[in-house]
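Visitor:
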Amino acid sequence: MAREKNQYKPPKVTWKQDAKRNWSVYAMYLPAFVMTVVLSYIPMFGIIMAFEDYEVRKGFFGSRWVGLEHFRTLFTGPDFLGALRNTVCIMLIKCTLGFVAPILFAFFLSMLKSRKYKRTVQTMSYLPNFVAAVVVTSLLVEFLAKDGPLTMLLTKLGAENQNWLANNKIPVFWIIYVLMGVWQGIGWGSIMYVASIATVSGDLHEAAAIDGASRLQRMTKITLPCIMPMIVMMFVLNVGLSFSVGYDSILLLYMPSTYNVADTVYTYTYRMAFGGGGNNYGLSAASGLFQSIVATTLLIGSNTLSKKFGDGHSLF
Amino acid sequence: MKGFKKWALAAAAGLTALFLTGCGGGGGSASVEHTYSIWLYNAQDASFYTDYAENPTIQYLLSKTWGENEDTIALEFQVPPAGSQQNNYETMIATGDFPTLMQNSVADAPPRMLESEMILDITELVEQYMPNYYNLLQTNEALRNKAVFPVDGQDRILAIYGANEDYPYYFSGTMYRRDWIVKYGKNPQTGASFTGGYTDPNDVDSWVDDVVFPSGGTDPVYISDWEWMFEIFTEAMADLGITDSYCTSMYYPGYMWSGGLCSCFGEAIPIWYKGSDDIVRFGGDSESMRAYLQCLNNWYEKGWLDQDFNERTADIFYAIDDTNKRLGRVGLWIGTQGELGGRLDMHDGGLTEGIYVAGCAWPINDVYGDESCKNVEPWCTPGGSSLVGTGFLVMEGADEKDLGPLLAMLDYLYTEEGALLHTLGATPAQMEEAGLDTSFYEKNGIAEGTYTIGEDGRYKKVSAITNDAGGLLTASCCDKLPGYTLVSSVDEGYAETYENSMKAWVKYVNKGQIWGSDAFSLMSSEDMSAVGDLQSKVLNYLEQHTYEFIKGITDIDSDEDWGNWCTMLRKFNYQKGIDLLQPYIDMNPFIG
């Protein structure tokens, strides 16, 4: 108790006093604040489109109010359930296979002794992240075509010779899609982990090594617990974003004969809203709102779970 | 520290100001009464000039005076970057910052735009300032259907459309390897081998042969002619050792919903269309569709049809499996002008050596389905050719300017003299007379202009224009503006064989595809939205299941499978689409 009484307490300062004292800091924050309001909050008003038969020329206030009609159209659409299933499955694979890959990569990188080699590998691993989706998908189409090099390799290994992207059996497309994402994002996704691993005290490793711990043991008993808060934070963010899978890449990779396995909520909405020759902005907005709500729920849910089961580590 | 604070504040203020400035529109400063802004859908080839106002014919027009008061005018052209036209249009709507004239390639239908007070009703303006255009509207049905709409029970002019003297040639169409027919085919009447070849090895169009098709003519007309060709192509490919190719491919869904081959089996297309009796029908579950699918299934089973057609989703309909085609491994395909004659010959001793490609029209079915599906001319054609050219709308707010001189200038382009300028551009002599720079002509190898007068009295394009693969003619004339375009009065300078191919592509013009037709322009927003939603669902189903019939995954000859298909399509309530579209077709049945 005595110790608590003696603890330092900062003097109470009102917001105005703080602003007056640190006005330059507030001034530097201003652009970010304005940008967030203008680009993130004001456009939220556009959600209203989800409840209107929106027409650009009539605007938000002139378009016909249709209530929940677009949601009804979306949820009762012929292929909605299939698209939702594919979205969830791809999300799950992304959150497991796709999430673990950059962590493992970061671990392996951290264990490399040659700094020059490490930097070279790191830089090379970042490059695919900067390749446009259309280029990546074009490469994939070529590699997995009937006579593509990857297909040839798989055929040599005993698989059937086929255009793998035309395979509409579960879970071929899902795995191809996630592996493509892993290839493209493994380097970029590992940056945070590499930085986090670098902050782990060398003394701990040294002490463990003296005690006879192997490299694997040091990795699992020291490095992993030390970077766990970072892993949890990235996981929570990843879960939230993972639901928004597949727009540009899937549109470029799928074909009508693989809609049953490749169609996601995004691509399904795209076809329904813009595939009939007209532009159904209302349906598109309704789908966007639905996906945002699901993503936010997942984000909050995963954060709660990580707080409960992850030693109190959470994003917020 | 104090200095740092000042710098920080200045930097923050600067960033904020910069950001907020970026949010605003880039307002123009043109306020002169006779300066008009014109929004164009796409730009000319930038290798000639970057601003359309630099076009020599536009400069020539601007050097003249227009209207009752003989005013000079200035034009400012706005061209959005390629691919962003729709966004640009929507930004204009959102900001209300309209040009004086706008090409209506991405805009909504004129009546709906008038209702939203986005465009002006130009009836009185046309009557006053555009007598030539007005007279043309009275006599040209196709033009009238595009530009005149009923408003409050009265016919009103809402748009300025270009008019074509005749159906102009189209840039793409079906074509086949005629050299294979000569080499491997036999005369169906006499059984004799064909003879033929190039009369001039350096002229890609100098082909002569004695090919006769089973239907008796020198060009393929019927499906049976096509199948006769496929047999020959199969033999050719076997002889040439081509084991992994095919006679022809198909657009990846298995059809083109706007028409083409699927409309050769008795008018129908898989969605809604207008029949020759002006009745709206849905073709997805029609006997025509079944006959079409039976045909494609047969071609697939025989190996004539590309076995992987449904996987080529990235290919444009006129460039399906382009590499294979250009390597000379395909017999018949949809291609472009630049692939006709011997233009694909790579002179490398490969499969394109000695190639001769001839254009052909869509075929008439004489093989599949019942009698209602046979001997009916192709009814719906994709894209294709039209008697009406580009349309323009006079936008809201334009009446703040004196529109007389602008409209008088545009009206001039509907006169005989103006039509020549519109189609072939000003001559260097005209430019000199007007005191204008003629270096454009010298620089681009058309020192005498784009045309001469031929022996038959027609305007003959000079060879530099005929042989130009780029946009030299477009850069020279002013056909991006509305006006009268000469077609039959112009001798394109094409070789006879080349011109025959081009003629074949416009042998059948679209008569039944409703989407984008004049009737469609009359639809209310609600009805259009309802039809659009129905169409999305139907196309979504068709895309996923049509290929199954073609590939034999489901049996097109089985009444049960066909019945299931029809039942599924009926579930989309296509009758509602018919009920919605028919009243508008009744109001304006013209398509063409």
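In order, the protein sequence lines correspond to chains R and L.
So in the working numbering, the last spot in the first sequence is 318, and the numbers never skip.
So in the working numbering, the last spot in the second sequence is 2007, and the numbers never skip.
Beta carbons: idealized from backbone N, C-alpha and C, even for Gly.
(1) Are the beta-carbon atoms of Phe1628 of chain L and Pro1635 of chain L separated by less than 8 Å?
(2) Comparing alpha-carbon positions, which option in L:Tyr1874, L:Leu1477, L:Gly1612 and L:Ser1639 lies nearest Phe1680 of chain L?
(3) Going by other Cβ atoms of all chains shown within 10 Å of its Cβ, with 16 needed for buried, is Gly1762 of chain L buried or exposed?
(4) Using a cut-off of 7 Å between C-beta atoms, extract the partners of Ile2006 of chain L located in chain R.
(5) Please check the pair Asn2 of chain R and Ser259 of chain R, which I expect to be a contact at CB under 8 Å, by giving their CB distance rounded to whole angstroms.
(6) Would you mind stating whether Gly1774 of chain L and Ser1664 of chain L have Cβ atoms separated by less than 8 Å?
(7) Of all Cβ atoms in chain R, is any one closer than 8 Å to the Cβ of Tyr1548 of chain L?
(8) Within 10 Å of its beta-carbon, does Ile2000 of chain L have 16 or more other beta-carbons around it, so buried, or fewer, so exposed?
(9) Classify Tyr1899 of chain L: buried if its beta carbon has 16 or more other beta carbons within 10 angstroms, exposed otherwise.
(10) Which runs of the beta strand (DSSP E), 3 residues or longer, sit entirely within the region 1729–1805 of chain L?
(11) What does Ser286 of chain R reach in chain L if we use C-beta pairs closer than 9 Å?
(12) Residues of chain L with a CB under 7 Å from the CB of Glu71 of chain R: which are they?
(13) Rounded to the nearest angstrom, what separates Glu1539 of chain L and Ala134 of chain R at their Cα positions?
(14) DSSP on Pro1495 of chain L, reduced to helix/strand/coil?
(15) Express the C-alpha separation of Val196 of chain R and Leu111 of chain R in angstroms, rounding to a whole number.
(16) For a cutoff of 8 Å on Cβ pairs, would you count Ser1951 of chain L as touching chain R?
(17) Rounding to the nearest angstrom, what Cα-Cα distance links Ala1884 of chain L and Ala1683 of chain L in this structure?
(18) Start and end of the beta strand (DSSP E) containing Val1877 of chain L?
(19) Which first and last residues belong to the beta strand (DSSP E) in which Pro1565 of chain L is found?
(20) Beta-carbon separation of Val267 of chain R and Gln293 of chain R under 8 Å?
(21) Closer than 9 Å between beta carbons: that is the criterion. Which residues of the region 1718–1739 of chain L meet it against chain R?
(22) For Asp20 of chain R, report the span of its alpha helix (DSSP H) as first-last.
(23) Could you give the distance in angstroms between the alpha-carbon of Asp1736 of chain L and the alpha-carbon of Cys1788 of chain L?
(24) Pull up the DSSP beta-bridge partners for Ala1578 of chain L, would you.
(25) Using a Cβ distance threshold of 8 Å, determine whether the region 150–162 of chain R contacts the region 235–245 of chain R, with at least three qualifying pairs required.
(26) Lys1561 of chain L: which of L:Tyr1661, L:Ala1945, L:Gly1931 and L:Gly1967 sits nearest, CA to CA?
(27) Check whether the region 1522–1538 of chain L and the region 1790–1808 of chain L are in contact - that is, three or more C-beta pairs closer than 8 Å.
(28) For Lys1966 of chain L, which of L:Gln1709, L:Gly1632, L:Ser1587 and L:Leu1747 has the nearest alpha-carbon?
(29) Taking the alpha-carbon of Leu2058 of chain L as reference, which of L:Lys1740, L:Pro1495, L:Gly1743 and L:Ile1686 has the nearest alpha-carbon?
(30) Nearest to Ile2006 of chain L by alpha carbon, out of L:Glu1650, L:Leu1558, L:Thr1738 and L:Asp1723?
(31) Report the residues of the region 1659–1686 of chain L with a CB closer than 7 Å to any CB of chain R, ordered along the chain.
(32) By alpha-carbon positions, which one of L:Gly1632, L:Asp1994, L:Arg1758 and L:Asp1659 ends up nearest to Asp1618 of chain L?
(33) Can you give me, in chain order, the residues of the region 1937–1965 of chain L that have a beta carbon less than 9 Å from any beta carbon in chain R?
(34) Which residues, in order along the region 65–98 of chain R, keep a beta-carbon less than 8 Å from a beta-carbon of chain L?
(35) Can you tell me which of the three DSSP states Cys1662 of chain L falls into?
(36) Taking buried to mean at least 16 other C-beta atoms within 10 Å of its own C-beta, is Lys1952 of chain L buried or exposed?
Guide: Reading from the atomic positions:
(1) Taking the first residue of the second sequence as position 1, residue 1628 of chain L is located at position 213. Taking the first residue of the second sequence as position 1, residue 1635 of chain L is located at position 220. Result yes, Cβ atoms of Phe1628 of chain L and Pro1635 of chain L sit closer than 8 Å.
(2) By one-based count along the second sequence, residue 1680 of chain L stands at place 265. For the residues L:Tyr1874, L:Leu1477, L:Gly1612 and L:Ser1639, the minimum Cα distance to Phe1680 of chain L belongs to L:Ser1639.
(3) Here residue 1762 of chain L refers to the residue found at position 347 when the second sequence is read from its first residue. Checking the sequence shown, residue 1762 of chain L turns out to be His, not Gly. Within 10 angstroms of the beta-carbon of His1762 of chain L lie fewer than 16 other beta-carbons, which makes it exposed.
(4) Within the second sequence, the letter at position 591 stands for residue 2006 of chain L. Those do not exist, as Ile2006 of chain L stays about 16 Å from chain R at its closest Cβ, beyond 7 Å.
(5) Summary: the structure shown does not reach residue 2 of chain R, with chain R confined to residues 3 through 318, and so no result is reported for it.
(6) Counted from its first residue, the second sequence places residue 1774 of chain L at position 359. Counted from its first residue, the second sequence places residue 1664 of chain L at position 249. Their beta carbons are not under 8 Å apart, which means Gly1774 of chain L does not touch Ser1664 of chain L by this criterion.
(7) For the purposes of this step, residue 1548 of chain L is taken as residue 133 along the second sequence, with counting starting at 1. Taking 8 Å as the CB threshold, Tyr1548 of chain L stays off the interface with chain R.
(8) Against the second sequence, residue 2000 of chain L aligns to sequence position 585. Looking at its Cβ environment, which holds 16 or more other Cβ atoms inside 10 Å, Ile2000 of chain L is buried.
(9) Residue 1899 of chain L sits at position 484 when you count from the first residue of the second sequence. Tyr1899 of chain L should be labelled buried.
(10) If we require 3 residues or more, the beta strand (DSSP E) runs fully inside the region 1729–1805 of chain L come out as 1745–1751 and 1772–1775.
(11) On the first sequence, residue 286 of chain R is found 284 positions in, with the first residue counted as 1. Going along chain L, no residue has its Cβ under 9 Å from Ser286 of chain R, so there is no contact; the nearest lies around 12 Å.
(12) For the purposes of this step, residue 71 of chain R is taken as residue 69 along the first sequence, with counting starting at 1. Close partners of Glu71 of chain R in chain L (Cβ separation under 7 Å) are lacking, with about 10 Å as the shortest Cβ gap.
(13) If you number the second sequence from 1, residue 1539 of chain L lands on position 124. If you number the first sequence from 1, residue 134 of chain R lands on position 132. Going by the C-alpha atoms only, they are around 52 Å apart.
(14) Sequence index remark: in the second sequence, residue 1495 of chain L carries index 80 (1-based). DSSP, read as helix, strand or coil, puts Pro1495 of chain L in coil.
(15) Taking the first residue of the first sequence as position 1, residue 111 of chain R is located at position 109. Taking the first residue of the first sequence as position 1, residue 196 of chain R is located at position 194. Going from the Cα of Leu111 of chain R to the Cα of Val196 of chain R covers about 8 Å.
(16) By one-based count along the second sequence, residue 1951 of chain L stands at place 536. So, interface residue.
(17) Residue 1884 of chain L sits at position 469 when you count from the first residue of the second sequence. Residue 1683 of chain L sits at position 268 when you count from the first residue of the second sequence. A straight line joining the alpha-carbon of Ala1884 of chain L with that of Ala1683 of chain L spans about 36 Å.
(18) Within the second sequence, the letter at position 462 stands for residue 1877 of chain L. Counting along the chain, Val1877 of chain L falls outside any beta strand (DSSP E), and DSSP gives it neither H nor E.
(19) Start at 1 with the first residue of the second sequence, and residue 1565 of chain L comes out as number 150. Taken as a continuous stretch (DSSP letters only), the beta strand (DSSP E) holding Pro1565 of chain L covers Val1563 to Val1566.
(20) Position 265 of the first sequence, counted from the start, is the residue given in the question as residue 267 of chain R. Position 291 of the first sequence, counted from the start, is the residue given in the question as residue 293 of chain R. The answer is yes: Cβ separation under 8 Å.
(21) Those residues of the region 1718–1739 of chain L that come within reach of chain R (Cβ to Cβ, closer than 9 Å) are Asp1723, Asn1725, Glu1726, Arg1727, Thr1728 and Ala1729.
(22) Against the first sequence, residue 20 of chain R aligns to sequence position 18. In the DSSP annotation of this structure, the continuous segment of the alpha helix (DSSP H) that includes Asp20 of chain R starts and ends at Trp17 to Arg23.
(23) By 1-based counting over the second sequence, the position of residue 1736 of chain L is 321. By 1-based counting over the second sequence, the position of residue 1788 of chain L is 373. CA-to-CA, the gap between Asp1736 of chain L and Cys1788 of chain L works out to about 30 Å.
(24) Here residue 1578 of chain L is taken as the residue at index 163 of the second sequence, counted from 1. BP columns for Ala1578 of chain L point to L:Val1803 and L:Tyr1899.
(25) Not touching, per the Cβ criterion.
(26) Position 146 of the second sequence, counted from the start, is the residue given in the question as residue 1561 of chain L. Taking only the C-alpha atoms, the option nearest Lys1561 of chain L is L:Gly1931.
(27) Touching, per the Cβ criterion.
(28) Stepping through the second sequence from its first residue, residue 1966 of chain L is reached at position 551. Of the listed residues, the one whose Cα sits closest to Lys1966 of chain L is L:Gln1709.
(29) Outside the modelled stretch of chain L, which goes from 1416 to 2007, sits residue 2058 of chain L, for which no answer is possible.
(30) Here residue 2006 of chain L corresponds to residue number 591 of the second sequence, with the count starting at 1. Checking every option, the nearest Cα to that of Ile2006 of chain L belongs to L:Leu1558.
(31) Residues of the region 1659–1686 of chain L that bring their beta carbon within less than 7 Å of a beta carbon in chain R comprise Tyr1667 and Pro1668, in sequence order.
(32) Position 203 of the second sequence, counted from the start, is the residue given in the question as residue 1618 of chain L. Residue L:Arg1758 is the option with its Cα nearest to Asp1618 of chain L.
(33) Those residues of the region 1937–1965 of chain L that come within reach of chain R (Cβ to Cβ, closer than 9 Å) are Ser1940, Glu1941, Met1943, Ser1944, Val1946, Gly1947, Asp1948, Leu1949, Gln1950, Ser1951, Lys1952, Val1953, Leu1954, Asn1955, Tyr1956, Leu1957, Glu1958, Gln1959, His1960, Thr1961, Tyr1962 and Glu1963.
(34) Taking 8 Å as the Cβ-Cβ cut-off against chain L, the residues of the region 65–98 of chain R that qualify are Arg66, Thr75, Gly79, Pro80 and Asp81.
(35) Start at 1 with the first residue of the second sequence, and residue 1662 of chain L comes out as number 247. In this structure, Cys1662 of chain L counts as strand in the three-state DSSP scheme.
(36) Residue numbering aside, residue 1952 of chain L sits at position 537 when the second sequence is read from its first letter. Per the 10 Å Cβ criterion, buried.
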